[in-house]
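Under my numbering, read the sequence shown as residues 1351 to 2052, first letter to last.
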Amino acid sequence: MNAAATPDLRSLAIAAGIAVDWTDAFGRRRTVKADTLSHLLSSLGLAAQTSAEIAASHNDLQQASRAAPTLVTGVAGKALRLPSSLKRADADAMPFEIVLENGALLQGRGSVIPAIDLPGYHKLRCADREVTLAMAPRRCITVEDLAGAGRRWGVAAQLYGLRRDITATTPVGNGGIGDFRDLADLAVAVADARGEAVSIGPVHALFTADPGRNSPYAPSSRLFLNPLHADPAAIADFARIEKAIDQADVRMALARHNESRLIDWPMAARAKLALLRALKSAMAADLAPGGTLAEDFAACLARGGQALRDHAVFETLHAACLKNDPGAHHWRQWPAEFHDPRSEAVAAFAAAQAEEVSFHQFLQWLSDKSLAQAQARARDAGLGIGIIYDLAIGTDGGGSYAWAHRDDVMAGVSVGAPPDLFNQLGQDWGLTALSPRTLAARDFAPFLDTLRASMRHAGGLRIDHILGFARLWLVPDGAAPGEGAYLSYPLATMLRLVALESWRHQAIVIGEDLGTVPPGLREALQDIGLLGMRVLWFEREGGAFKEAPAWPRTAAAMTTTHDLPTVAGWWAGRDIDWREKLSLFGHGSSAANERAAREDDRTALWSAFTRQGIVTDDEPPPVAQSAQVVDAAIDFVADTPADLALIPLEDVVGVTEQPNLPGTVAEHPNWRRRLPTATQDLAKQPAAARRLRSLSRRRGKP
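Right, here's the structure in full:
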């Protein structure tokens, strides 16, 4: 069925929050096909194949809209009018009772709750119901709250790419994959240079049994961490780590991977996991009841609860299933008896593999301690903000979260983006989406759990694709990316919950608001104190680059991102070279046209630097000479009014290649590039040191 949708189907879709038409990047109005609407409705638990099903689903939605909510959000210091579904017939005389988080009791009558000044999760009892009142502060924690007034700066790093030299105290470096000790070392270096933050890419749990799936933005679970970043020194002394290295017989392998230019994820992961397995074995007495680490380990297990156990069981099952069938990458490709995490077969497997399940719980405990110590070192070194964590927009549908929490995610669809000027066919990212119906039914617990896991050891949180707080482009399985549709989400509620968690965790929040931005979203972010993002390449007015003073104060300013060319790479046209090599140009575009346009853009960028007084030469440097351009680009971003400037380490060091090339998987070494300079030597590298000094001076911290 590829016909146009019937009026009843369109009406049901609209009631469910699905846009039945949309305007593309070229200004054309597009109508969503019936197949897409039916598929998305089914993913929301609303059958829509027949007239009878459509009528029944309409009735379900109407009943849901009349049901009294069990969570209501408001703003601290403002009166709150209760939803009509919570009111009695005598609403003005309805008694209510509120128990605040601090134990204080408030009582009153009516359907309007007087202003509550205390932010938090309070309990409201009225009309024989108990409701959670999530009263958010008026805004998120700000850069000024944590780092003082003024224009602050930090660096952005891909943690996996951090390098550590082999020394007497680090005899295998970091084994080829940057870890949380490297992150702490970087934080200290940034603090020494008078910065305030280190922003990192996602470090969510990936797949230890399938480490070739290395995209940090397609995690197995956002509730847990990638143990390949764990620092053994978080729990063990040098002698014990040395003994574990030898016991695992991985000294040569770790040292070899430490010297590599690109990460070999499968092989480097094998060596790191062997080391961690030997470390757990060597510390068995410390972890056993009565041991020096037993209480801390037990606390981690209690805090993680069923979710942690599910993740550990998934990791163990995944490894076993892949061993029997190398094609069993997705849990739906496992034997049917393992599809349900609550099945007897899964319980029997977990019992038989108790030691392996315990190993994966140990990995999460070690990872959590490692990240906590990195943030503590960052703050102790003087970073006002510290580490800014990165939250991916969704999870891999074949991962542990989708396996253990399948009722929370929408089945049969994935998150993507509609066709635009850069991707004329649209994009399908293969990521799961939380169901807005489930969020409402579960008091937004899946959303809150994810936020809390991400803010637990951070001074800031970057939310990838925050456009999804307003709407997500969802693509039915098997459909072309352009055959998706937008699904709306409760923006106001989600932003209030973000603001509340921001204060509880004392963390700033940055929303990646690049792309096709829904009307009013940036204003909503600004109103609640959530920073947007502005990137040098996109800050244009016609053919010219915007003047530095014209950039907004309420967005993090950056030279580039992980998905875009570095400054040196952009100047050299390296991104164009890659796209030509891999035939990534769409209809009507070509390498020749792109290179001609880039020549004009170089002139325009240099002109912006000249107008800002950063450079004095009228003529830009040759394409092959980018060092002065990198200096100028960083200085230009530093001169913007933005409360926070974040400069990627790739630009601080001046490398040409970018971390990720969108539209590619194996064709480009995505998420594999390592920095050429060891973290501990960053301040000794002349160009990097010069750029950090200038950045600090121009941001007002000489």
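Positions of the beta carbon are idealized from the N, C-alpha and C atoms, including for glycine.
Which whole-angstrom value describes the C-beta separation of residue i and residue j, a residue pair presumed to lie in contact below a C-beta threshold of 8 angstroms?
{"i": "P1838", "j": "R1821", "result": "Looking at the sequence itself, residue 1838 is Ser, so the reference to Pro does not match. Indeed they touch by this definition, with Cβ atoms about 5 angstroms apart."}
{"i": "V1548", "j": "L1536", "result": "6 angstroms"}
{"i": "S1570", "j": "T1745", "result": "7 angstroms"}
{"i": "L1387", "j": "L1359", "result": "6 angstroms"}
{"i": "V1859", "j": "I1926", "result": "That pair is no contact at about 34 angstroms."}
{"i": "F1797", "j": "M1760", "result": "Their Cβ separation, rounded to whole angstroms, is 14 angstroms, which puts F1797 and M1760 out of contact at 8 angstroms."}
{"i": "G1919", "j": "T2006", "result": "5 angstroms"}
{"i": "K1428", "j": "A1465", "result": "6 angstroms"}
{"i": "L2073", "j": "A1580", "result": "With the chain running from 1351 to 2052 in the structure shown, residue 2073 is simply not present."}
Between which two residues does the alpha helix (DSSP H) carrying residue i extend?
{"i": "K1473", "result": "Where K1473 is concerned, there is no enclosing alpha helix (DSSP H), although the beta strand (DSSP E) it sits in stretches over 1470–1476."}
{"i": "P1676", "result": "Neither: P1676 is in no alpha helix (DSSP H) and is coded neither H nor E."}
{"i": "I1364", "result": "1357–1365"}
{"i": "T1953", "result": "1941–1961"}
{"i": "W1615", "result": "1615–1632"}
{"i": "Y1751", "result": "1750–1754"}
{"i": "Q1723", "result": "1704–1731"}
{"i": "Q1457", "result": "From DSSP, Q1457 is part of no alpha helix (DSSP H) but of the beta strand (DSSP E) over 1455–1459."}
{"i": "L1841", "result": "1841–1855"}
{"i": "F1530", "result": "1530–1542"}
Whole angstroms are fine: how far does the CA of residue j sit from the CA of residue i?
{"i": "E1592", "j": "L1713", "result": "18 angstroms"}
{"i": "I1550", "j": "A1722", "result": "14 angstroms"}
{"i": "S1785", "j": "L1716", "result": "32 angstroms"}
{"i": "A1375", "j": "T2027", "result": "41 angstroms"}
{"i": "M1351", "j": "E1833", "result": "In this predicted model, M1351 has a pLDDT of only 45, less than 50, meaning its place in the structure is not dependable enough to derive any value."}
{"i": "S1976", "j": "T1420", "result": "57 angstroms"}
{"i": "L1455", "j": "L1432", "result": "18 angstroms"}
{"i": "C1671", "j": "A1603", "result": "26 angstroms"}
{"i": "D1799", "j": "L1573", "result": "7 angstroms"}
{"i": "A1621", "j": "P1691", "result": "29 angstroms"}
{"i": "R1563", "j": "V1540", "result": "31 angstroms"}
{"i": "A1583", "j": "E1645", "result": "18 angstroms"}
{"i": "R1872", "j": "D1863", "result": "8 angstroms"}
{"i": "A2053", "j": "N1524", "result": "With the chain covering 1351 to 2052 only, the question about residue 2053 has no answer from this structure."}
{"i": "N1452", "j": "A1669", "result": "46 angstroms"}
{"i": "P1577", "j": "Y1510", "result": "12 angstroms"}
{"i": "A1830", "j": "G1938", "result": "20 angstroms"}
{"i": "G1424", "j": "I1878", "result": "12 angstroms"}
{"i": "S1852", "j": "A1942", "result": "47 angstroms"}
{"i": "R1756", "j": "I1463", "result": "36 angstroms"}
{"i": "L1955", "j": "R1890", "result": "10 angstroms"}
{"i": "S1898", "j": "D1985", "result": "For the sequence presented, residue 1898 should be read as Ala rather than Ser. Near 10 angstroms, if we compare the C-alpha coordinates of D1985 and A1898."}
{"i": "S2141", "j": "D1560", "result": "A question about residue 2141 goes unanswered here, because the residues of the chain that appear run from 1351 up to 2052."}
{"i": "G1952", "j": "L1781", "result": "Sequence inspection shows Arg at residue 1952; the Gly mentioned does not correspond to that position. Spanning the two alpha carbons is a distance of roughly 36 angstroms."}
{"i": "Q1683", "j": "T1910", "result": "39 angstroms"}
Comparing C-alpha positions only, which one of the options sits nearest to residue i?
{"i": "R1924", "options": "L1533, E1949, A1686", "result": "E1949"}
{"i": "P1915", "options": "I1466, S1852, N2020", "result": "N2020"}
{"i": "E1609", "options": "T1517, A1795, I1743, E1705", "result": "T1517"}
{"i": "R1475", "options": "C1490, R1459, P1469", "result": "R1459"}
{"i": "P1991", "options": "A1983, L1533, A1900", "result": "A1900"}
{"i": "P1998", "options": "A1506, D1718, G1810", "result": "A1506"}
{"i": "K1437", "options": "G1424, A1417, R2022, A1783", "result": "A1417"}
{"i": "W1779", "options": "V1765, R1872, A1649, W1684", "result": "V1765"}
{"i": "I1585", "options": "L1612, R1802, F1647", "result": "F1647"}
{"i": "G1470", "options": "A1783, I1613, L1847", "result": "L1847"}
{"i": "L2032", "options": "D2001, T2006, G1870", "result": "D2001"}
{"i": "A1497", "options": "T1519, C1490, G1545", "result": "G1545"}
{"i": "A1724", "options": "V1538, D1495, C1490, L1450", "result": "V1538"}
{"i": "D1515", "options": "I1368, D1532, D1599", "result": "D1532"}
Would you give the residue range spanned by the beta strand (DSSP E) that residue i belongs to?
{"i": "E2017", "result": "Looking at the DSSP string, E2017 is not in any beta strand (DSSP E), and its letter there is neither H nor E."}
{"i": "R1380", "result": "1379–1381"}
{"i": "D1371", "result": "1371–1373"}
{"i": "P1919", "result": "For the record, residue 1919 in the displayed sequence is Gly; it is not Pro. G1919 -> not in any beta strand (DSSP E); alpha helix (DSSP H) instead, spanning 1917–1922."}
{"i": "V1987", "result": "Run containing V1987: none in the beta strand (DSSP E); it sits in the alpha helix (DSSP H), 1977–1988."}
{"i": "E1447", "result": "1445–1449"}
{"i": "A1835", "result": "1835–1838"}
{"i": "I1737", "result": "1736–1741"}
{"i": "Q1777", "result": "1777–1781"}
How about residue i: is its C-beta nearer than 8 angstroms to some C-beta of chain C?
{"i": "G2013", "result": "This model lacks chain C altogether; it includes just one protein chain."}
I'd like to know if the region 1930–1942 and the region 1882–1892 are in contact, where contact means that at least 3 CB-CB pairs between them fall below 8 angstroms. The answer is no - the region 1882–1892 does not touch the region 1930–1942, with fewer than three Cβ pairs under 8 angstroms.
Does the pairing of the region 1521–1528 with the region 1893–1903 give three or more beta-carbon distances under 8 angstroms? Not touching, per the Cβ criterion.
Quick check: the region 2008–2018 against the region 1966–1983, are there 3 or more CB pairs under 8 angstroms? Touching, no.
For the 8 angstroms Cβ check, are there 3 or more pairs between the region 1958–1965 and the region 1983–1990? The region 1958–1965 is in contact with the region 1983–1990.
The region 1657–1674 contacting the region 1611–1620, beta-carbon criterion three pairs below 8 angstroms: Touching, no, given that fewer than three Cβ pairs across the two stretches are closer than 8 angstroms.
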